[in-house]
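Residue numbers (the working numbering): 0 to 229. Built from N, CA and C at the ideal position, the CB exists for glycine as well. First comes the structure, then the notes that go with it.
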Amino acid sequence: MSESILIVDDDHALGEELGKALITAGYTTHRTTSVPEARQVWNKTKIDLCLVDIVMPGPSGKVFCREIRERSDAAIIMMSSLSDQDTIIALLDIGADDYIVKPFTFPEMMARARAVLRRRKDHIQPHSASTLQIGDWTFDLQLRRLSNADGLAVPLTQSEATVLRFFAQSPGVVFSREDILAVARTRQHAGKDDRSVDTLIKRLRRKIEVEPSSPKHILTEWGKGYTFQN
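Right, dumping it as structure tokens:
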């Protein structure tokens with residue numbers, strides 16, 4: 000059986016040409032143009048490699064990359080016209096196997112696809128730990144609870160726990176409000192001006208920050224969204 004590759008890119012022309020090139024190379028391909036559409040394919044199909052654009056309408060490719068890595072050992076190559084080192088390093092840190100800058104040649108993409116698929120076969124990543132350390136807090140992922148050395152335990156709602164885990168496992172990455180809404184799954188495509196994200200962030204800051212008004216962990220990136228520092 001040929002290996003299955005999921006393309007997630009709202010550039011229809013690129014997706015079509017890339018799909019043809021992959022089919023010619025012997026792969027099974029699935030083309031999608033958004034993260035919600037990609038999730039539907041992912042839930043119904045075994046995928047070996049995801050080729051994911053970063054910037055798309057709705058949830059960004061960063062969100063989908065993090066979701067894949069939490070649940071699967073599938074290979075991930077991120078695609079974007081962004082070429083700064085900070086962006087590349089941050090995406091590799093949240094679970095991407097490789098990063099390719101647009102425009103790229105199809106032979107280069109084929110070579111990278113073969114390489115990451117081979118590495119994934121040779122070395123399957125272990126599942127993540129059941130706890131995360133956030134400053135002086137221990138975050139229990141199963142119990143959705145924060146605790147510290149003094150014995151204080153702070154429960155988290157489902158949305159709070161989901162977003163905090165996403166942040167803590169993706170330090171240094173800037174996520175937009177819509178990205179965070181997509182992670183919290185409160186509703187879809189609420190838009191960048193939705194204030195419910197700010198409310199959720201305020202609740203989290205009250206629970207994990209020593210001084211919520213001067214946060215050290217969940218930081219605001221003005222005009223962009225939020226980022227996490229441990």
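query                                                                                                                                                            : result
Is PRO154 helix, strand or coil by DSSP?                                                                                                                         : strand
Starting from VAL196, trace the alpha helix (DSSP H) in both directions and tell me its first and last residue.                                                  : 195-207
Consult DSSP for GLU220 and reduce its assignment to one of helix, strand or coil.                                                                               : strand
Can you check whether the CB of ILE93 is closer than 9 Å to the CB of LYS43?                                                                                     : no
What are the start and end residues of each continuous alpha helix (DSSP H) run of 4 or more residues lying completely inside the region 56-131, in chain order? : 60-70, 84-92 and 105-121
To which residues of the same chain is ASP47 closer than 8 Å at the C-beta, ignoring the five residues directly before and after it?                             : GLU2, SER3, ILE4, ALA73, ALA74, LEU116 and ARG119
At which residues does the alpha helix (DSSP H) containing ASP178 begin and terminate?                                                                           : 176-183
If we ignore side chains and look at the alpha-carbon of each, how far apart do LEU180 and GLY224 end up?                                                        : 11 Å
Which of the three DSSP states, helix, strand or coil, is assigned to VAL54?                                                                                     : coil
According to DSSP, which residues form a beta bridge with ASP139?                                                                                                : THR130 and ARG144
Kindly indicate the opening and closing residues of the alpha helix (DSSP H) around THR32.                                                                       : Careful: THR32 lies outside any alpha helix (DSSP H) and carries neither H nor E.
Ignore the nearest five residues each way along the sequence and tell me which others in LYS191's own chain have a CB closer than 8 Å to its CB.                 : Legend: pLDDT at LYS191 = 46, less than 50; position of this residue unreliable, no value from coordinates given.
In this structure, how does DSSP classify ILE46 when only helix, strand and coil are distinguished?                                                              : coil
Along the chain, where does the beta strand (DSSP E) that runs through SER3 open and close?                                                                      : 3-7
For ALA160, tell me which candidate among LYS206, ARG30, ALA95 and GLY150 has the shortest Cα-Cα distance.                                                       : LYS206
Quick one, which of ASP85, SER158 and GLY18 has its alpha-carbon nearest MET108's?                                                                               : GLY18
Pull the bridge partners of THR226 from the DSSP assignment, please.                                                                                             : LEU218
Starting from GLY18 and walking both ways along the alpha helix (DSSP H), at which residues does that stretch end?                                               : 11-23
Between the C-alpha atoms of ASP231 and VAL40, what's the straight-line distance to the nearest angstrom?                                                        : This structure leaves residue 231 out entirely; the chain is present only between 0 and 229.
Does DSSP put GLU159 in a helix, in a strand, or in coil?                                                                                                        : helix
Output the distance between the C-alpha atoms of LYS201 and THR130, rounded to the nearest integer angstrom.                                                     : 23 Å
Select from GLN141, PRO35, ILE22 and HIS216 the residue whose C-alpha is nearest the C-alpha of PHE166.                                                          : HIS216
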